[in-house]
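As they're listed, the protein sequences go chains A and B.
Note that the working numbering has the first sequence beginning at 1, numbered continuously upward.
Note that the working numbering has the second sequence beginning at 1001, numbered continuously upward.
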Amino acid sequence: MLQVEAVSKAYRGGKFGVRELSLSARPGVLGLLGPNGAGKTTLMQMIATVTRPTAGRIVFDGVDVARTPDLVRRRLGYLPQDFGVYDNLTAFEMLDYIARLKGVRSRARVLELLELVNLHGAAGRAVGGFSGGMRQRLGIAQALVADPDLLVVDEPTAGLDPEERVRFRNVLSGIAGRRLVILSTHIVSDIESIAGEIAVVREGRLVGFGNPQELLRAAAGAAWEAVLPSAEYERLRAGLTVSNVVRRADGVHVRLVGRERPLPGASPVEPDLEDAYLHLMRSLAAVAAA
Amino acid sequence: MLSLPRLGAVLQADLRARLRRPAVVVLLAASAVSAVLMIPDPKPGQGLLQVAGARALYSSATLAFATAMVLVLALSFFGFSVAGHALGRDLRSRVGTIVAASPVTDLEYLAGKLLGSMALLAAVAVGFMVACMAMQVVRGEGPLEPLTYLSHYAVLSLPCIAWVAMLSLLFECAPGLSGRFGDLLYLLVWAASIPSGFEGWKPGGPKLLRVFDYMGFGFAIRQVEAIVGTSQFTIGYAPGDPTKPPIHFPGLSFPPDALAARAASLVAPLLLFPLALVLFRRFDPARTRAGGRGRFALPAGLGRLVAWLVRPLLSPLARVAPDVALTFRARPLLAVAALAGAAVSLGLPAADVRVGLLPVVFVLVSLALADHATRERSAGLLGVVYAAPGRRERFAPWKLAGALGVALVIGGVPAVRLLSVEPRAGVSALVGLAVLAAGSVAAGIASGTPKTFMALALALWYLALSSKGQQPALDYGGWWAAATPAVQFGWLAATLVAVALAVVAQRYRLSRDG
């Protein structure tokens, strides 16, 4: 459905946003993971036809995205990282505007989407007065309004409260099927339950690709748990790769990542996706340092 | 293929978003109020159109012609600012990214934006015309003839609206022209169009130039000269000879060749549309930067150099210096212009500094200060700035000091040079810089947009320059050495009023925003 073939995005001064990145994706949810500045947004902007690759090509259902962007745009829903609005338009007017740009002229569809994202009660309110979460929900609605075959959502859960995040994950999970949903985030839990495949990006390159089980298998034996006195944890933590910390009455319950046992008292546990991601990043950093 | 529904969606959203902005509502109201103020009671020796000292009766033809001429002057001058920043707004609000990923074509989007700008300017024109027609009912000396109004307004203002909207769109698409330097370039285009229009309508003049007479001044003035048989006439409220009986002005006539020329002037700007299409970068983040710094921007090092030079000068005002430096870091060309202005002022005779250099310096100061009090708000940094100790409560004084600093960095050397040779003019120049500094902060805080200050500053600049010192009260910058001490005190008082307004407006904003 989507092929990214040796795509690069170079900027003036020789800097690269994305470097010779290749991947292919089938219908379903593709999670794009990576630290801030890894090139996720640039890759998504290229897929969403907002910017063009400087090398390589992106093909969606046989259509070259850079050569014939309009063909892709008709089937595309895009939620950028910083979703912007006209502050003095109402939520209905704003969504109706974007719907009409995408060829949707049904008032009922606009209202349906506002209901889907729980904004029907605020349809007549100026968007300028919306909270960050409400704006983000409006952004999600506009991405879905034309019933796209390709949905590109960049950090969609930023600004959402926990309930809204779950709601949004369910929406994405529900619409993915025959469609391709590309979801970029640095919050692993956002994609853990819904992504069929995960691409890990670092410094503009693809450093990991597979389904969650494959990533988990690669991290087998690399997750540990230990309970430490608070003072000892503070002393040791600089030398540890910590994926989770919980302070309890009996001490600091710390979840650690490492191929070797990181602390004498640490016991091995089943890795989760967060551990797998951290393990991958740690391994790459070690290789780069070497 | 062109999709009219998509084009219509862009047009409608653009117009909605703009018409709901408080500044546009104020503009529409101001245009109606100005019609009331512009048409005073007819009295012997006073009127809107005077021919060799005799006033023209307030017929529909007189009022339609005179008010349409004033309208095109205002539209051509301020319209660029009113219509402008349509793309910049989408860039800054980040709606542009959504547009870029939608099926709307560049042609549909830009055409929608162009029509939106034209519709906005047309709304201002219609509002003004209706207000003028209402004033004729109240103060007119003849029957109201709506068709006379319509024909005069259409023939005179439509080409103006088309040119202003097209140029603002083109400048926004062109790298380097989407910011203040585009505003400055437009001012030059505006100034050049007036003589070229007159030249084109001169008997035997090159007819091609009629196309560039977008304000219709050449067309209208030549016609009036032919109708009244003299070039001694005044448009706009002016004193005349009360002993002369009023005359009847029949209005402009529209022969086919004149209409064809006006139609050509209406259509001609559309020839620039393909250029805008080519230059439009469709909000590609790799080729577009919010803030409009284009490829003509100079290295930031120059800005840093000036910041380095400025900082020790303002060491007692350490809190203000970064704000001053930021202006030059953001626009390094201003720094170069300030250095060049200072160097030139030291080498030129004082009279040349006063008449030749100071008006240019005042334009630069106006450009530099336009967004001085609004940039934090538009960048979403107001909260960060307010978080600094005392900055929230003293935002207005901080901005006033910064604005004065910027004005002095650009205009201080020429003003001091003048002070040493022509003290009275030098004092006026310093007072003028203070007027701009205080005005920029007051207008910026009160309206929340840089446009208000730009419009006011450029209008004052134009009035001062065109008065050539005959109206000492307008010589706020000392360019004509005409300002008396009373005038200087008057402008100083205006500065203090602006300072007070800035403080009050800031307090109001703080109390409103909580």
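Positions of the beta carbon are idealized from the N, C-alpha and C atoms, including for glycine.
All values derive from a computational prediction rather than experimental measurement.
| Query | Result |
| --- | --- |
| Helix, strand or coil at histidine 253 of chain A [DSSP, three-state] | strand |
| Distance between proline 1022 of chain B and alanine 297 of chain A (C-alpha atoms, nearest Å) | Since the displayed chain A opens at 1 and closes at 290, residue 297 of chain A lies outside it and no answer follows. |
| Alpha helix (DSSP H) runs wholly inside the stretch 1353 to 1408 of chain B, at least 4 long, in chain order | 1358 to 1369, 1375 to 1379 and 1382 to 1386 |
| Beta carbon of tryptophan 224 of chain A nearer than 8 Å to that of alanine 266 of chain A | yes |
| Nearest candidate by alpha-carbon position, reference threonine 1243 of chain B, set B:Gln1046, B:Leu1071, B:Thr1495 and B:Ala1473 | B:Gln1046 |
| Check whether leucine 1339 of chain B and leucine 1170 of chain B have beta carbons under 8 Å apart | no |
| Environment of arginine 135 of chain A [buried if 16+ CB atoms lie within 10 Å] | buried |
| In DSSP terms, what threonine 68 of chain A is bridged to | Paired residues: none, contrary to the question. |
| Cβ pair arginine 202 of chain A, leucine 278 of chain A closer than 8 Å | no |
| Range of the contiguous beta strand (DSSP E) that encloses serine 131 of chain A | From DSSP, serine 131 of chain A is part of no beta strand (DSSP E); its letter is neither H nor E. |
| Residue from B:Val1503, B:Pro1203, B:Leu1049 and B:Val1024 with nearest C-alpha to alanine 1226 of chain B | B:Pro1203 |
| Meets three-Cβ-pair contact criterion under 8 Å: the stretch 1333 to 1349 of chain B and the stretch 1394 to 1404 of chain B | no |
| Top-ranked residue by Cα proximity to isoleucine 187 of chain A, from A:Leu216, A:Pro156, A:Asn170 and A:Leu101 | A:Pro156 |
| Bridge-paired residues (DSSP) for glutamine 1050 of chain B | B:Arg1055 and B:Thr1234 |
| Per-residue DSSP class, three states only, for isoleucine 1161 of chain B | helix |
| Terminal residues of the beta strand (DSSP E) in which threonine 185 of chain A lies | 180 to 185 |
| Nearest residue (CA-CA) to leucine 280 of chain A, options A:Pro268, A:Leu43 and A:Val257 | A:Val257 |
| Pairwise C-alpha distance: glycine 84 of chain A and leucine 1091 of chain B | 9 Å |
| Exposure label - valine 1499 of chain B; buried when at least 16 CB within 10 Å | buried |
| Cross-strand partners of leucine 206 of chain A (DSSP beta bridge) | A:Val201 |
| C-beta contact flag for alanine 48 of chain A and valine 181 of chain A at 8 Å | no |
| Alanine 288 of chain A versus tyrosine 1508 of chain B: straight-line alpha-carbon distance, rounded | 56 Å |
| Cβ shell of glutamine 1232 of chain B (< 6 Å), same chain only, five flanking positions each side left out | Ala1052 |
| Interface partners of glutamine 45 of chain A on chain B, CB under 7 Å | Pro1285 |
| Among B:Thr1230, B:Gly1444, B:Ala1505 and B:Phe1489, the one whose alpha carbon lies nearest that of valine 1431 of chain B | B:Phe1489 |
| Closer than 8 Å to chain B by CB, leucine 89 of chain A | yes |
| Phenylalanine 1254 of chain B vs valine 1155 of chain B beta-carbon contact at 8 Å | yes |
| Residue-chain proximity (leucine 1496 of chain B, chain A), Cβ-Cβ < 8 Å | no |
| Cβ shell of proline 1299 of chain B (< 6 Å), same chain only, five flanking positions each side left out | Its pLDDT being 49, under 50, proline 1299 of chain B is placed unreliably in this model, and the value from its coordinates should be taken loosely. The answer is none, since no qualifying residue turns up. |
| Where the alpha helix (DSSP H) through aspartate 1257 of chain B begins and ends | 1256 to 1267 |
| Whole-Å CB distance - alanine 1457 of chain B paired with serine 1366 of chain B, under 8 Å assumed | 4 Å |
| For alanine 1325 of chain B and arginine 1293 of chain B, the rounded distance between their alpha carbons | Below a pLDDT of 50, predicted positions are generally treated as unreliable, and arginine 1293 of chain B, at 41, falls in that range; the measurement from the model is reported next regardless. Spanning the two alpha carbons is a distance of roughly 17 Å. |
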